[in-house]
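Undergrad: The structure under discussion is supplied below as structure tokens; questions concerning it will follow.
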Amino acid sequence: MHPVLNTLKRAACALSLLGLAFQASAQTKVDDAWVRATVASQPATGAFMTVTADSDSKLVKVASPVAKDVQIHEMSMKDDVMKMGPVASVDLPAGKAVTFDPSGYHVMLMGLTGQVKEGDSVPLTLTVENAKGEQETVEVKAAVRSLTHMEGHDHSKMH
Ligand SMILES: [Cu+2]
């Protein structure tokens, strides 16, 4: 191979590696994001995921174009009754996978602009704030799963 061309190729390769390194340095990782499918005219649904921050942080906001109002909710037992309500933020301790599922913290998509159908994907923008008060946004595409999906119990990894 021509030596100059060879050098150029190496440079291009180094650049693409650099690009990858940039992506990998994102501080917060979101896995298994999904949204529960709705029936027509259903006003709200839930979004679920696993969030891992690499430094002590908190999830302060979630936004989505499919909902007019997006809230972070917590399920809790009060006097033997399951209740859910909004929380201002959710702590994301460094390196710990925090699960948002139907029985605990979850993201509530309220004022849906249309039906959320199985097979669609829903964009979510998470705002995460670190201990220094610096905010980063994480873009996620959540897969829409059907209503019949078993609650809080995922068999997909067993097969
Ligand atoms: Cu809720």
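What the sequence shown shows, in mature numbering (1 follows the signal peptide of the UniProt record, and there is no 0), is residues -26 to -1, 1 to 133, in sequence order. We put the CB at the ideal spot given by N, CA and C, even for glycine.
#1: Can you tell me the Cα-Cα spacing of residue 65 and residue 48, whole angstroms?
#2: If contacts are defined as beta-carbon pairs under 8 Å, then residue 19 and residue 26 qualify, I think. What distance do you get, rounded to the angstrom?
#3: Please classify residue 31: is it buried, with 16 or more other beta-carbons within 10 angstroms of its beta-carbon, or exposed?
#4: How many whole angstroms separate the CB atoms of residue 40 and residue 83, which I take to be in contact at a CB cut-off of 8 Å?
#5: Tell me which residues share the same chain as residue 58 and place their Cβ nearer than 7 Å to its Cβ, disregarding the 5 neighbours each side in the sequence.
#6: Give a yes or no on whether the C-beta atoms belonging to residue 95 and residue 112 are separated by under 8 Å.
#7: What did DSSP end up calling residue 15 once you bin it into helix, strand or coil?
#8: Quick one: residues in its chain with C-beta nearer than 7 Å to the C-beta of residue 14, no 5 flanking neighbours on either side, listed in chain order?
#9: Am I right that residue 35 and residue 101 are in contact with their C-beta atoms under 8 Å? What's the rounded C-beta distance?
#10: If residue 44 and residue 72 are in contact, beta carbons under 8 Å, what's the gap, nearest whole angstrom?
#11: Taking residue 38 as the reference, which of 110, 99, 108 has the closest Cα?
#12: So residue 22 and residue 60 are in contact, right, with Cβ under 8 Å, and what is the actual spacing, rounded?
#13: In three-state terms, what does DSSP make of residue 88?
#14: Hey, which residues come within less than 5 Å of ligand 1, measuring from Cβ to any heavy atom, in chain order?
#15: Considering residue 191, what are the terminal residues of the beta strand (DSSP E) in which it resides?
#16: Work out the CA separation of residue 109 and residue 103 for me, nearest whole Å.
TA: Taking the geometry as given:
#1: In the sequence shown, counting from the first residue as 1, residue 65 sits at position 91. In the sequence shown, counting from the first residue as 1, residue 48 sits at position 74. Taking the straight line joining both Cα atoms gives about 12 Å.
#2: Indexing the sequence shown from 1 puts residue 19 at position 45. Indexing the sequence shown from 1 puts residue 26 at position 52. Not quite, the Cβ-Cβ distance comes to about 24 Å (not below 8 Å), so this is no contact.
#3: Working through the sequence shown from its first residue, we reach residue 31 at position 57. Answer is buried; the Cβ neighbour count reaches 16.
#4: Counting from 1 along the sequence shown, the entry for residue 40 is found at position 66. Counting from 1 along the sequence shown, the entry for residue 83 is found at position 109. Rounded, the Cβ-Cβ distance is 6 Å, consistent with contact.
#5: Along the sequence shown, one-based indexing puts residue 58 at 84. 47, 48, 49.
#6: As a working mapping, residue 95 is identified with position 121 in the sequence shown. As a working mapping, residue 112 is identified with position 138 in the sequence shown. Contact flag unset, no.
#7: Position 41 of the sequence shown, counted from the first residue, corresponds to residue 15. In the structure shown, residue 15 sits in coil (DSSP, three-state: anything other than H, G, I, E or B).
#8: Taking the first residue of the sequence shown as position 1, residue 14 is located at position 40. Cβ neighbours of residue 14 beyond the five flanking positions: 89.
#9: Looking up residue 35 in the sequence shown gives position 61. Looking up residue 101 in the sequence shown gives position 127. About 4 Å; that satisfies the 8 Å criterion.
#10: Indexing the sequence shown from 1 puts residue 44 at position 70. Indexing the sequence shown from 1 puts residue 72 at position 98. Between residue 72 and residue 44 the Cβ distance is about 17 Å, and since that is not below 8 Å, they are no contact.
#11: The residue you call residue 38 lines up with position 64 of the sequence shown. Taking only the C-alpha atoms, the option nearest residue 38 is 99.
#12: Reading the sequence shown from its first residue, position 48 is the one you call residue 22. Reading the sequence shown from its first residue, position 86 is the one you call residue 60. Not quite, the Cβ-Cβ distance comes to about 16 Å (not below 8 Å), so this is no contact.
#13: The count along the sequence shown starts at 1 and reaches residue 88 at position 114. Note: residue 88 maps to coil in three-state DSSP.
#14: 47, 58, 82
#15: Any property of residue 191 remains undetermined from this structure, which presents the chain solely from -26 to 133.
#16: Along the sequence shown, read from residue 1 onward, the residue named residue 103 stands at position 129. Along the sequence shown, read from residue 1 onward, the residue named residue 109 stands at position 135. For residue 103 and residue 109, the distance between alpha carbons rounds to 4 Å.
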